[in-house]
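Below: the structure, in structure tokens.
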Amino acid sequence: MIGEKIVVANWKMNPPTFSEAEALFSAVKKAAKKTENINIIVAPPAIWLSRFKTGGAGNLELAGQDMAYEEKGALTGEISPLMLKDAGAKYAIIGHSERRSNFGETDEIINKKLILALKSRLIPILCVGESLEEKRVDKTPEIIKLQLTKALESVRQKQVQVDNLLIAYEPVWAIGSGITPSYDDVLSVNLLIRKTINSIYGRKIAEKIPLLYGGSVNGKNAGGFMEKSRADGLLVGGASVSAEEFVNIIESISVYDF
Ligand code: PGA
-16 MIGEKIVVAN WKMNPPTFSE AEALFSAVKK AAKKTENINI IVAPPAIWLS
34 RFKTGGAGNL ELAGQDMAYE EKGALTGEIS PLMLKDAGAK YAIIGHSERR
84 SNFGETDEII NKKLILALKS RLIPILCVGE SLEEKRVDKT PEIIKLQLTK
134 ALESVRQKQV QVDNLLIAYE PVWAIGSGIT PSYDDVLSVN LLIRKTINSI
184 YGRKIAEKIP LLYGGSVNGK NAGGFMEKSR ADGLLVGGAS VSAEEFVNII
234 ESISVYDF
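When you line the sequence shown up against our numbering, it's residues -16 to 241, in that order.
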């Protein structure tokens, strides 16, 4: 990674046509060239991955929004990590809450995917986050710890290095809702994530592993999450499919020198 700040654009199932996707990608590429201190990772619908070329912007990379838990075989509709890599992806989002809730992904499946991603040399962007019900009964720390330890079960220290795993804290209730946690709340979850990683992999990895915040990020709150919550980056959904809003986010954090 060239810069230290990271912004991931998770386009989800948007936009509907390739020509719109192409226009959005070229706006992002232009912004990437102007802000070299920020690493921008775009996760478009997989069908378009191979059509996007990051060349010319050394701080721009591609990601899959998800991946299969097997390399190949009879898994109709799934996309292998080898295919993602072949199509140009360097990263894969794993354990997004929409996969967990809409497609029944369990911690065990997420663990299997994470292990396979590392084996396939795809960098996992592991998402964790509590639901509204869990937050209401003060279970956030317990859930974060549980999701993290289960996702990383049997993942050996030598497989995990500071530059081959990203962790995103995404409270489920903040995704797409326009409601965000306070900067302090995100800060305490970030500290908890570092503490949990420390107990599994030791201090060196715990201190350096990039932590992202995701959930209703926009141009106005982006800088606050980076500065006050000590996030290393952001995972942006809705606002990443508007070129204007996404460029706002990039520009708003490029002025900070963390
Ligand atoms: P949002 O989505 O920015 O639309 O809240 C974030 C995400 O789902 O990663």
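A virtual CB, placed ideally from N, CA and C, is assigned to each residue, including glycine.
Three-way DSSP call (helix, strand, coil) for residue i in this model
i: Lys55; result: coil
i: Gly47; result: strand
i: Pro124; result: helix
i: Val11; result: helix
i: Lys73; result: strand
Residue i Cβ short of 7 Å to the ligand PGA heavy atom set
i: Val145; result: no
i: Asn85; result: no
Short Cβ contact (8 Å threshold) for residue i with residue j
i: Ile77; j: Ile108; result: yes
i: Ile232; j: Ile192; result: no
i: Thr123; j: Val172; result: yes
i: Asp167; j: Leu194; result: no
i: Glu88; j: Val155; result: no
i: Gly38; j: Ala75; result: no
i: Gly71; j: Ser9; result: no
Status (buried if at least 16 other CB within 10 Å, exposed otherwise) for residue i
i: Leu218; result: buried
i: Asn42; result: buried
i: Ile(-15); result: With a pLDDT of only 41 at Ile(-15), under the threshold of 50, the placement of this residue in the model should not be trusted; the figure read from the coordinates follows. Exposed: under 16 other Cβ atoms inside 10 Å.
i: Gln140; result: exposed
i: Arg177; result: buried
i: Thr0; result: exposed
i: Phe86; result: exposed
Mind listing, in chain order, the residues whose beta carbon lies closer than 6 Å to a non-hydrogen atom of the ligand PGA?
Asn(-7), Glu153, Ile158, Gly159, Gly197, Gly198, Ser199, Val200, Leu218, Val219, Gly220, Gly221, Ala222
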